[in-house]
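Below: one structure, written as structure tokens.
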Amino acid sequence: MGFEETFNSRGDVYVGIFKDGLPDGNGKYTWSDGSIYEGDFVDGKVAGKGRLLVQPSASKYEGDFSGNFRHGNGTLTLKDGTIYIGNWKKDTPDGRGIFTWAIGDVFIGSWSNGLVHGFGVFTSLDGDVYAGNWKTGKLDGRGNLNWANDDHFNGCLSNGLRHGFGVYTFVNGDVYIGNWKNDKMDGRGTMSWTNGDVFEGCWSNGLIHGSGVFKFANGDVDIGNFRSKLLYDNGTYTCSNETMYKGCICSNEKVIEKGLMIWSLQNPNGGCIYHNCSSGVIPLIRGGSSLGQAGAMVTPKFSIYIRLGIVLMLVFSWCSGNEVWFSYGGRVIDPTIPFFFIFLLYFFYFVKKKPLHRFEPAPPTLQSSKINHWTS
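What follows is the structure, encoded as structure tokens:
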């Protein structure tokens with residue numbers, strides 16, 4: 020055993036203690052590319068405590084070594100300021116550790132083979148926090164997501180996306196409880212709005228889609244098969260006064276009953292009109308906050324009245340023009356008199372018979388998730 024300085028054909032230099040011709044003990048090894056190790060050697064290999072500077076990346080490691088590997092507990096500091104403090108296994112983070120990115124994001128938790136794996140807590144610089152399970156570097160399993168804007172998710176995740184059962188609470192107090200698929204509401208779920216409205220039923224790709232029950236704050240209940248943008252068919256709508264309507268079909272912003280279009284919305288902003296198609300009363304419009312003019316509404320029943328009235332007016336007009344008179348109770352009646360009364364009836368019908376509209380906000384769409392921010 021002795022202290023020596025040696026060189027090799029590659030230009031590397033070792034200065035330190037030798038044993039049986041091999042570095043053994045404390046020493047310093049300098050590679051030709053400028054990388055430097057200072058610390059313990061055992062049987063010619065880096066082992067024990069030491070410091071390693073790797074070039075040209077300028078990364079620094081200080082801690083435990085074994086068999087020429089970073090192995091045990093140690094601290095890695097990269098050139099940009101990123102730092103990992105924790106356990107190592109054969110040159111990769113493995114076990115418990117704290118990873119701090121140069122931008123200020125921090126992860127505290129478990130690692131496996133160089134990737135986040137197991138339970139951990141991630142905190143981003145802007146205040147987003149995720150506490151839960153990870154798998155091979157991505158969010159996976161049960162977890163809690165808390166966004167800086169106070170939105171909150173508690174539930175299942177898979178491959179970095181919300182997937183499975185979960186509860187999402189919006190900053191305004193709206194709550195969705197149900198199933199998720201690929202980061203969107205999908206399957207059975209219940210959405211409760213702060214205004215008191217509640218929908219229980221099926222979702223697809225983040226939208227209400229399929230069978231469900233819509234319970235409104237005023238006591239009205241809508242049961243039917245919903246589609247994207249809240250269009251539906253074969254529905255039942257029950258008002259709070261126990262009035263019930265059935266069998267309405269709505270499509271492409273037109274209310275249709277038995278193949279006859281009875282209402283059409285002229286609205287550049289888009290929207291959906293539904294409920295009470297056969298009654299001539301449309302109490303609810305969803306799909307836009309500025310729906311504009313409602314347009315003209317004609318029900319099948321009202322259409323019959325119009326046709327009958329036109330026929331009667333034509334008959335009385337013909338009679339008047341041809342000087343055809345009627346007698347009732349011995350009195351002669353001018354045909355223009357019933358014509359005048361029919362005209363008044365239709366005038367008041369047009370004035371008084373107006374559709375009732377109630378404007379309410381559409382269900383909120385889920386904002387883009389940031390949960391992949393720290394896995395990329």
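Residue numbers for the sequence shown follow the working numbering, so the first one is 20 and each next one is one higher. Cβ coordinates follow ideal geometry from the N, Cα and C atoms, glycine included.
Please report how far the alpha carbon of residue i lies from the alpha carbon of residue j, in whole angstroms.
| i | j | result |
| --- | --- | --- |
| G192 | N214 | 10 angstroms |
| F184 | N165 | 17 angstroms |
| H171 | D145 | 15 angstroms |
| G30 | S54 | 12 angstroms |
| S230 | I117 | 47 angstroms |
| G35 | R70 | 15 angstroms |
| N198 | S223 | 10 angstroms |
| Y33 | G105 | 29 angstroms |
| E219 | D239 | 14 angstroms |
| N45 | H90 | 18 angstroms |
| M210 | T96 | 47 angstroms |
| L72 | S78 | 6 angstroms |
| A236 | F141 | 39 angstroms |
| G206 | V135 | 30 angstroms |
| G114 | V217 | 45 angstroms |
| K38 | V65 | 14 angstroms |
| F60 | Y80 | 16 angstroms |
| V186 | G128 | 24 angstroms |
| I275 | F126 | With a pLDDT of only 41 at I275, under 50, the local geometry of the prediction cannot be trusted, and the value read off the model is given with reservation. I275 and F126: Cα-Cα distance of roughly 56 angstroms. |
| T49 | N27 | 11 angstroms |
| G208 | T101 | 42 angstroms |
| K47 | D110 | 20 angstroms |
| S76 | K98 | 7 angstroms |
| F233 | K200 | 22 angstroms |
| Y56 | A150 | 37 angstroms |
| F245 | G139 | 40 angstroms |
| Q74 | W212 | 58 angstroms |
| W130 | S51 | 33 angstroms |
| N92 | I196 | 43 angstroms |
| T119 | Y103 | 6 angstroms |
| C221 | T188 | 19 angstroms |
Is residue i buried or exposed, if buried means 16 or more other CB atoms sit within 10 Å of its CB?
| i | result |
| --- | --- |
| T25 | exposed |
| P112 | buried |
| D159 | buried |
| G179 | buried |
| G243 | buried |
| G162 | buried |
| C269 | Because the pLDDT at C269 is just 46, under 50, the model does not fix this residue reliably, and the point stays unresolved. |
| D241 | buried |
| G40 | exposed |
Taking Cβ positions, are residue i and residue j nearer each other than 9 angstroms?
| i | j | result |
| --- | --- | --- |
| F88 | G67 | no |
| G137 | N152 | yes |
| K58 | D43 | For the sequence presented, residue 58 should be read as Gly rather than Lys. For G58 and D43, no; Cβs fall outside 9 angstroms. |
| A167 | D147 | yes |
| T94 | G86 | no |
| G123 | S143 | yes |
| N132 | K154 | no |
| H228 | D202 | no |
| M204 | L226 | yes |
| D169 | V194 | no |
Return the bridge partner residues of residue i from the DSSP annotation.
| i | result |
| --- | --- |
| W120 | Answer by DSSP bridge pairing: none, since W120 is not bridged. |
| L144 | Paired residues: none, contrary to the question. |
| N27 | Looking at the DSSP assignment, N27 forms no beta bridge with any residue, so it has no partner. |
| K154 | K157 |
| S129 | R115 |
| N92 | N106 |
| G137 | W153 |
Contact criterion: CB-CB distance below 9 angstroms. Does residue i meet it with respect to chain B?
| i | result |
| --- | --- |
| G40 | Looking at the structure shown, chain B is missing, and only one protein chain is on hand. |
**OP:** For the stretch 160-236, list the beta strand (DSSP E) runs that are entirely contained and at least 3 residues long, ordered along the chain.
**Re:** 171-177, 180-188, 194-200, 203-211, 217-223 and 226-234
Subject >> Complete runs of the beta strand (DSSP E) confined to the stretch 31-83 [at least 3 residues] >> reply: 32-38, 41-49, 55-61 and 64-73
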